[in-house]
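Working notes, structure below.
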Amino acid sequence: MPAQTALTLEEQAIYEWQMTVPGMGEEGQRKLKSASVLISRVGGLGGLVALELAAAGVGKLVLAHGGNLRASDLNRQLLQTHDHIGKPRMESILRRLNELNPRCEVVGVSENVSEKNADSLVAHADIVVDAAPLFQERLALNAAAFRAGKPMVECAMHTLEATVTVFAPGKTGCLACYVPEIPASWTRQFPVFGAVSGTAACIGAMEVIKLITGIGESLAGSLLSMDLSTMQFRKVRLPKRADCPVCGR
Ligand SMILES: [Zn+2]
């Protein structure tokens with residue numbers, strides 16, 4: 020993590036409540052202010068990760084998401100507004116985050132993560148968050164994060180199920196350990212409620228905050244699986260695969 024930056028009086032006032040969380044203090048807040056986080060896709064899932072991290076006082080967010088807003092995005096993409104249909108998603112994302120926290124430096128990249136741009140995007144952040152709907156993007160980000168030795172918070176959802184885990188290079192396996200190839204049946208459009216993608220997002224944001232500040236216990240090495248239809252939540256160990264094409268020998 021980078022050198023810490025002091026808090027202004029205004030920041031001390033804004034983050035007063037969360038600085039009283041045991042283990043946080045002003046030092047934890049300075050760590051958040053000094054940190055940078057890359058989020059791959061800022062839609063129903065990544066948009067809420069960005070919102071929570073901006074609210075918590077993370078100093079810099081690098082956001083990758085291309086395309087224009089569609090009407091069908093509005094059931095979950097809470098950084099968007101109705102009047103923005105047909106216009107670039109990134110414009111709303113930057114405006115809404117700035118309204119909440121003008122002290123947060125937000126770099127918007129109107130492209131989705133690919134094998135071409137993954138390394139240069141990952142270079143701009145201490146931690147990466149994977150919230151992309153397509154496995155091509157997820158696996159490209161996973162490989163780049165592993166090459167750069169940076170932790171990746173992996174958030175996913177489908178119908179009423181959501182999962183969150185953390186991959187820490189050198190300590191845990193990676194996404195390619197358990198998704199060795201792209202499932203043939205996967206499609207870009209899938210069943211989703213905003214409340215389900217938002218659940219994965221808030222838990223993913225908390226994992227980022229824990230990684231930066233050192234409070235609590237990271238999900239690294241475990242997968243949290245949540246079934247919102249039955250409200251059964253469970254944690255399973257996620258083994259590293261020795262023959263993984265990315266993190267194996
Ligand atoms: Zn692996």
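The numbering used here applies: residue 20 is where the sequence shown begins, and numbers increase by one. Beta carbons are placed, not taken as given, at the ideal position from N, Cα and C, and that holds for glycine. Computed from a predicted structure; not experimentally measured.
- Within the region 154-230, the complete beta strand (DSSP E) segments of 3 residues or longer fall at 171-177 and 180-186, listed in chain order.
- The chain-ordered list of residues whose CB is nearer than 5 angstroms to some heavy atom of ligand 1 reads G192, C193, A195, C196, C263, V265 and C266.
- With 16 or more other Cβ atoms inside 10 Å of its own Cβ, T218 counts as buried.
- With a cut-off of 8 angstroms on Cβ pairs, the region 154-161 is not in contact with the region 248-260, counting fewer than three such pairs.
- Taking C-beta atoms as the reference points, V40 and I201 fail to come closer than 8 angstroms.
- Contact between the region 47-58 and the region 77-86 is present: three or more C-beta pairs spanning the two stretches fall below 8 angstroms.
- When secondary structure is reduced to three states using DSSP, A144 falls in the coil class, being assigned neither helix nor strand.
- Cβ-Cβ distances below 6 angstroms link A220 to L64, L67 and V68 in the same chain, with the five nearest sequence neighbours on each side left out; the list follows chain order.
- Here A83 is bridged, per DSSP, to S59 and V128.
- For K254, the uninterrupted beta strand (DSSP E) segment begins and ends at Q251 to R256.
- Per DSSP, S111 lies in no beta strand (DSSP E); the unbroken alpha helix (DSSP H) holding it starts and ends at R108 to L119.
- Ranked by Cα distance from A187, the options K254, Q23, V77 and L242 are led by L242.
- Between V185 and L140, the C-beta spacing is not below 8 angstroms.
- Ranked by how close their Cα comes to the Cα of L119, the residues E130, L98, G105 and A214 have L98 in first place.
- The Cβ atoms of V148 and C174 lie closer than 8 angstroms to each other.
- Taking the C-beta atoms as reference points, L51 is found nearer than 8 angstroms to V77.
- The beta carbon of P264 lies closer than 8 angstroms to those of A195 and P199 in the same chain, with the five residues before and after it left out.
- For S111, the CB contacts under 8 angstroms within the same chain, skipping 5 residues up- and downstream, are L88, L98, Q99, T100 and H103 in chain order.
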